[in-house]
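What follows is a single structure, written as structure tokens, with notes after it.
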RNA sequence: GCGCCCGUAGCUCAGCAGGACAGAGCAACGGACUUCUAAUCCGUGGGUCAGAGGUUCGAAUCCUCUCGGGCGCGCCA
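Residue numbers (this note's numbering): -9 to 531.
Here's what the structure looks like:
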């Protein structure tokens, strides 16, 4: 619908001899009395054509008045052009939706090969609620991009080569020794969580006290591997219940084993972006706008994370040839963005192809008090416990009901209530109400010979409009990589459905066929929206 | 100290390539179930868009400063 209006505007511009792009907007007016759509094009053209906005608007109305799309076009305020859509045109759109939902809502895009990397939590402890938000966002973005028609691969990056994993092994080994009666305390920066005691018990079952006889380095390595595997499996299980699936798990270690880290440094060196100072190897990220140069290999010959991250992104872009890579990080990594983009440029990759989404923190509240979270200190609420308490649907919807860059307050006490305070029920209920009507039909009603002109009430027309508008929400969510537009669109449809349901009867009415036809499309669109955010459409509630 | 993000209704947030009287949900208050599920609907109240300047015909939106909050600034990971 929007694009049809845009076509008319573009024709008008051509008619006025303007062929280049002009930055006007077509929007939904805030007030209903200003029509269904509105454009500021007359005001934008005012300066250029040296005419009053009002006069340009008049010319436009004259130009467009023959279109069957509108029942009226108004000029209002300082020169807004307001469009009132013809009901027939609205229901023509509904027919298109009914004909093929996916075709109708899939925007035209050039297919790209896109990787979405998210969660990527080190397997040093269970996932907490903050990871849940990243998981919900990453997974939904992947679903949306896939729906739109891109080739999408989701990936989880495991930092299994660094000191953190070593610390995990050491902490587990100490727990193991404690179980065997050896008095030794965890180091200050060790992992305190109880889950390591359980893992240590498993190790004891498997090895008895044999690890004590091995050299410490080897014993820690065994513990590290065991703990890492157990925790990773736990993470994967949790993600699975959360309906999040990864196509690829990528190990950092692999980048070292395959010498890709060295190769990346060589690659940059050949281009002249590398120098040595104080016994360390540096990357000249300042040429690409970073605040300072960054160390890749320390003077003690150990590589920094940044070195393996460069190799990782070289692997993504060059070895695996992704057209676009989306990294989803926690907001506390924002200082890392410029660095990573510099690295992309240095690798010869247009840094616009690397999209980094910073997901703002989730504030967890318990009894109104903020709970601070730290994996190391084991002060956190596990994602899997939250899922058990509030359910997958509620959790996903809540994570996706705010824009990515706004803080999210997740109050456990409220979330646990499972009352109507949670908007997911509002939408699910709308769907269930429709399904319920269909279940109670006394016979099959075909949709041949239907006369949609019979749907005259405001409730029916508004409901139909909300479906058409949903397309804009999909486009926006895809363009801005913001799944919350989907939840927003769903809430709007649900609102119109409930209003309809309260005022209009379906079963027993003269318009039953037409209304069922409309409701069938509504249910289909809600189902589509739910699919895009990974929420279940319930038949009954 | 430097840099980034943010400050909109009691609470949580939309709106921010400048435009029409500032929006939604929740909470509060008052109504609507012999009806396809009231997990719903209808109505009411509630805001000097942190503050001060500036640009503009027009600023929540752009610029500057102030105040307040969060985060990042390592040869850490």
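For every residue, glycine included, the Cβ atom is placed at its ideal position computed from N, Cα and C.
If the five residues before and after residue 95 are omitted, its C-beta is found closer than 6 Å to the C-beta atoms of 461, 464, all from its own chain and listed in chain order.
Secondary structure at residue 151: coil, using DSSP grouped into helix, strand and coil. For residue 84, the enclosing alpha helix (DSSP H) has its first and last residue at 77 to 89.
Put simply, the stretch 121 to 136 touches the stretch 341 to 355. At least three CB pairs are less than 8 Å apart. With contacts defined as CB atoms closer than 8 Å, residue 53 and residue 75 fail to qualify as a contacting pair. Between residue 305 and residue 250 a beta carbon distance of about 6 Å is seen, short of the 8 Å cut, so the two are scored as contacting. When C-alpha distances from residue 89 are compared across 519, 525, 511, 517, the shortest belongs to 511. Residue 103 has 141 as its beta-bridge partners, per DSSP. Counting only the Cα atoms, residue 80 lies some 29 Å from residue 43. Cβ atoms of residue 169 and residue 191 come within 8 Å of each other, at about 7 Å. Here the alpha carbons of residue 275 and residue 421 stand approximately 52 Å from one another. Counted as a single uninterrupted DSSP element, the alpha helix (DSSP H) harbouring residue 416 occupies residues 413 to 429. With fewer than 16 other Cβ atoms inside 10 Å of its own Cβ, residue 187 counts as exposed.
In this structure, residue 396 sits away from residue 477, with a CB-CB distance that is not shorter than 8 Å. Residue 219 and residue 150 do not touch by the CB rule: their CB atoms are close to 10 Å apart, not below 8 Å. Three or more Cβ pairs drawn from the stretch 294 to 314 and the stretch 324 to 339 lie within less than 8 Å of each other, which places the two stretches in contact. Of the residues 451, 519, 528, 474, the one whose Cα lies closest to the Cα of residue 505 is 451. Counting C-beta atoms within 10 angstroms of its own C-beta, residue 389 has 16 or more neighbours from the protein chains shown and is therefore classed as buried. Taking 8 Å as the cut-off, the Cβ atoms of residue 133 and residue 522 count as close. Under the three-state reduction of DSSP, residue 72 is assigned to strand. Under the three-state reduction of DSSP output, residue 94 falls in the helix class. When C-beta atoms of the stretch 257 to 266 are compared with those of the stretch 161 to 178, fewer than three pairs fall below 8 Å, so the two segments do not count as touching. Look at the beta carbons and you see the stretch 475 to 493 touching the stretch 412 to 421: at least three pairs across the two are nearer than 8 Å. DSSP, reduced to helix, strand and coil, places residue 206 within a helical segment of the structure shown. Shown here, residue 353 sits in a strand according to DSSP, grouped into three states. In the pairwise beta carbon analysis, the stretch 18 to 26 is classified as not touching the stretch 95 to 112: fewer than three pairs are separated by under 8 Å.
Between residue 50 and residue 2, the C-beta gap is smaller than 8 Å, which places the two residues in contact.
Ranked by Cα distance from residue 110, the options 221, 398, 459, 176 are led by 221.
Residues of the same chain with a CB within less than 6 Å of the CB of residue 507, apart from the 5 flanking positions on each side, are 437, 440 in chain order. Across the structure, residue 282 and residue 158 are spaced so that their CA atoms are roughly 32 Å apart. The beta strand (DSSP E) runs lying completely inside the stretch 270 to 326 and spanning 3 residues or more are 270 to 273, 284 to 287, 314 to 320, given in chain order.
Apart from sequence neighbours up to five positions away, the residues of its chain that approach residue 313 with a beta-carbon distance below 6 Å are 102, 103, ordered along the chain. DSSP places residue 332 in the helix class (H, G or I) of the three-state scheme. Looking at 432, 155, 17, the one whose alpha-carbon comes closest to that of residue 181 is 155. In terms of Cβ geometry, residue 394 and residue 127 form a close pair [threshold 8 Å]. Looking at the backbone, the Cα of residue 317 and that of residue 330 are separated by about 10 Å.
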